[in-house]
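Here the structure is laid out as structure tokens; the discussion comes afterwards.
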Amino acid sequence: LTEAFVDSHDFKTQLSETAGAAFVSEGFEASAGRVNASDRPDLADFQCNGALAVAKAAKANPREVAGKIISHFSADDRLKAVDIAGPGFLNFVLSEDALSQRANALASDARLGAPKVAARRKIIIDFGGPNVAKEMHIGHLRTAVIGESLKRVMRFMGDEVMGDAHFGDWGYQMGLLIVAVSEEQPDLPYFDAAFTGDYPTEAPVSLEDLGRLYPATAKRVKDGDEALRDKAKVATRELQHGRVGYRALWQHFVTVSRQALIRDYGALNVTFDWWKGESDADPYIEPMIVDLKAKGLLVPDQGAQIVRVAREDDKKDIPPLLVVSSEGSSMYGTTDLATIVQRNAEFGPDLTLYVVDQRQSAHFEQVYRAAYLAGYAKPGQLEHAANGTVNGPDGTPFKTRDGGTLKLHDLVSQAVEKATSRLHEAGLGEGLSETEFADTAHKVAVAALKFAELSNHRLTNYIFDLDRFMSFEGKTGPYLLYQAVRMKSILRKAGDQGVSAGAITVGEPAERELVLLLDAFDNALKESYLKRAPNLLADHVYKLAQGFSKFYANCPVLVGDDAAVKASRLGLVTLTLKQLELGLDLMGLSAPEQM
Ligand code: ARG
């Protein structure tokens, strides 16, 4: 799996190449030439620490090594200055010309400085993971938001990416629901094994029914109703083995749930290319079992059938993967393994990313190992991009006041309500029509919720605090949208005044800073891609918005008589807005026209 990039023209990459070549010609490793943004932006734009490392290994004086490297930059017209600092760091200060050139190159680049992957790969992102009947809760927000952003980033970088919801529609909860409906409506034809007519096309249960029946029945089992549990297990097995009435009823559960899910995800700007479910792997299970047996991997164990995946050098105990339960049913691991086979047959991914709660990591370890043993994937092709939990103020997984988990649907409506009152408080959106205002409030709400997710590393557990997420100040979604709207309004005003954007000439410190930020988009995308970490993109977009705000405070855009300065600054605003909006889009957000 190669993860190299092309079309990368940012300063960090360019200077690293030159420095790398300099180290090589002085007899050192090219990797010593790695250049990073400076720790001291007041002194320099970029720095390279390589001389220290190589001098230590070669028992040489680091400042002397740095002196040899620096001589390779003496005629470099990208630089205004290059110095040796402290024990042997190299400090680079870019020239205004180089920055202006870079800004103009970015402005004329359709991809705004984004690199591309060197080799296009086929990637599946398994995210969202909603379940039939169980309504989505706040935990499902996390995988949905992160998965959506990774999908967009990887696709934009050039991969062929498919997002799959991997709908939970095949386990024991299906049997439980069948039994629950049979108790409430025993006369329905689905339960009559001798029935031969046509089943009703209308669903016998609504989403509300499912949302009520599932928790109530699950609770009875939890409270010790063993007869109910056994019935549900039998129903699950019969469903899986093709009992016609159960399949027909189950199809209604799936359809009703999926419709609601598509609506809830849609409100968050989250979409899937595939709505495949665990059940879609079903046709692959029988042949897979035959194959696993033939390979000597599937072994009987206390009435069940398992694949042992433990290795000798394991530090902790890795239990076997349960493929066929003692009741003869497929389990979560069975459908996950068969889904790998299915995806190979239907798509042939080079990589599958599972954006799923880290509490499932043991499960994925078992599934992946079984897949490697059976030859369904090569190590490295299955990857768990795990996420942490969303907590309440008490530090435990978030609950509503009455102790339940907050439903995604309620969450979005609450956020829209809060966004509406925040806009009013801030005196924003007053000139908007009712529909425009509603659109703005929805965008602000979605940005608040999603950016709160995306600005944390996916593994970080964070505290859900809608008030803070909804602020127009600080590192929040609404702040980003607000800055975008300010830029849009500058551009509108410029249009009214007949001023147009022109070539960018960097002069003021705030202009320098802004161009350096625009330049760093390239690296932010690479890092988000490689680390499956949209928070690095989120950081970039936030810094860019801040950089604009600082620029605008220091560099008036539409005032003064110097037409070239006006055109240049307008060019900078135009470019910044484009990159900001692209960044927002890659996070699955969008800015309104006005606020
Ligand atoms: N439906 C599962 C849940 O709610 C998540 C599915 C994740 N994807 C997978 N391939 N197992 O926990």
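Letter by letter, the sequence shown follows residues 4 to 598 in the UniProt record's numbering. Glycine residues also receive a C-beta, built at the ideal position from the N, C-alpha and C atoms. These numbers were taken from a predicted model, which means no experiment stands behind them.
Where does residue i fall in DSSP's three states?
i       : result
Phe-454 : helix
Phe-440 : helix
Pro-512 : helix
Thr-5   : Annotation note: pLDDT 47 at Thr-5 (below 50); position unreliable, coordinate value reported separately. It is coil, neither helix nor strand.
Val-327 : strand
Lys-222 : helix
Lys-534 : helix
Gly-477 : coil
Val-27  : helix
Ser-137 : In the sequence as presented, Ser is not what sits at residue 137; that position holds Lys. Note: Lys-137 maps to coil in three-state DSSP.
Phe-198 : coil
Ile-466 : strand
Pro-290 : helix
Pro-400 : strand
Asn-64  : coil
Thr-367 : Thr is not the amino acid found at residue 367; the sequence shown has Phe there. Here Phe-367 sits in helix by DSSP.
Gly-70  : helix
Glu-315 : coil
Asn-459 : coil
Just curious, the beta strand (DSSP E) that residue i is in, first and last residue?
i       : result
Leu-252 : Run containing Leu-252: none in the beta strand (DSSP E); it sits in the alpha helix (DSSP H), 247-270.
His-543 : No beta strand (DSSP E) holds His-543; the alpha helix (DSSP H) holding it covers 537-557.
Lys-125 : 125-129
Thr-355 : 354-357
Ile-87  : 82-88
Pro-303 : 301-304
Glu-163 : 163-167
Phe-95  : 92-97
Val-415 : That residue, Val-415, is in no beta strand (DSSP E); its alpha helix (DSSP H) goes 411-428.
Gln-308 : 307-310
Asn-39  : 38-40
Enumerate in chain order the residues of its own chain whose CB-to-CB distance from residue i is below 6 Å, with the five nearest sequence positions on each side excluded.
i       : result
Gly-166 : Ile-128, Lys-154, Phe-275, Asp-276
Val-358 : Phe-130, Thr-146, Ile-149, Gly-150, Ala-388
Tyr-375 : Pro-382
Once you ignore the five residues that flank residue i on each side, which residues in its own chain have a CB closer than 8 Å to its CB?
i       : result
Val-9   : Pro-118, Lys-119, Val-120, Ala-121
Gly-171 : Gly-132, Pro-133, Asn-134, Val-135, Lys-137, Gly-280, Glu-281
Leu-592 : Asn-272, Lys-446, Val-449, Ala-450, Lys-453, Phe-454, Gly-480, Leu-483, Leu-484
Gly-23  : Ala-33, Ser-34, Ala-35, Gly-36, Arg-37
Pro-90  : Leu-55, Pro-65, Arg-66
Ser-328 : Ala-307, Met-334
Could you tell me which residues DSSP puts in a beta bridge with residue i?
i           : result
residue 599 : What the structure shows of the chain is the stretch from 4 to 598, and residue 599 is not part of that stretch, so it cannot be assessed.
His-387     : Tyr-357
Phe-275     : DSSP lists no partner for Phe-275.
Lys-119     : Val-9
Phe-524     : Phe-524 is not bridged to any residue.
Gly-280     : Phe-170
Asn-394     : Pro-400, Ile-466
Between which two residues does the alpha helix (DSSP H) holding residue i run?
i       : result
Gly-586 : 566-589
Thr-49  : Before going on, a small fix: residue 49 reads as Phe here, not Thr. Phe-49 -> not in any alpha helix (DSSP H); beta strand (DSSP E) instead, spanning 49-51.
Asp-470 : 469-472
Leu-179 : 175-187
Ala-348 : 335-349
Asp-233 : 229-243
Suppose the cutoff is 7 Å on Cβ atoms and the five residues either side in sequence are ignored; what does the same chain contact list for residue i look like?
i       : result
Leu-301 : Ile-292, Leu-295, Gln-308, Val-310, Val-326
Ala-422 : Ala-444, Val-447, Ala-448, Ala-451, Met-473
Leu-431 : Met-598
Gln-500 : Leu-561
Asn-64  : Ala-58
Leu-82  : Phe-76, Phe-95, Val-96, Leu-97, Ser-98
Lys-298 : Ala-377
Thr-5   : For Thr-5, the predicted model reports a pLDDT of 47, less than 50, meaning its position is unreliable; a value from the coordinates is still stated below. Within the same chain, Thr-5 has close Cβ partners Ala-121, Ala-122.
Got a sec: does the ligand NAD put a non-hydrogen atom nearer than 8 Å to the Cβ of residue i?
i       : result
His-169 : You won't find the ligand NAD in this model; what it holds is the ligand ARG.
Three Cβ pairs or more, each shorter than 8 Å: is that satisfied between the region 541-549 and the region 446-461? yes
Should the region 392-405 be called in touch with the region 306-319, which here means at least 3 C-beta pairs below 8 Å? no
Closer than 8 Å is the cut-off here; do at least three beta carbon pairs connect the region 257-271 with the region 229-241? no
Check whether the region 95-115 and the region 77-87 are in contact - that is, three or more C-beta pairs closer than 8 Å. With a cut-off of 8 Å, the region 77-87 and the region 95-115 count as touching, because enough Cβ pairs lie within range.
Quick one: any contact between the region 179-188 and the region 217-227, if contact means 3 or more CB pairs under 8 Å? yes
Taking contact to mean 3 or more Cβ pairs, one atom from each stretch, closer than 8 Å, check whether the region 337-355 and the region 101-117 are in contact. Output reads no: the region 101-117 does not touch the region 337-355.
Contact between the region 550-566 and the region 409-417: three or more CB pairs below 8 Å? no
Inspect the CB distances between the region 328-340 and the region 356-375 and report whether three or more fall short of 8 Å. yes
Validate contact between the region 14-23 and the region 48-57 using beta carbons, cut 8 Å, 3 pairs: yes
Using 8 Å as the Cβ pair cut-off and three pairs as the minimum, do the region 571-581 and the region 189-198 touch? no
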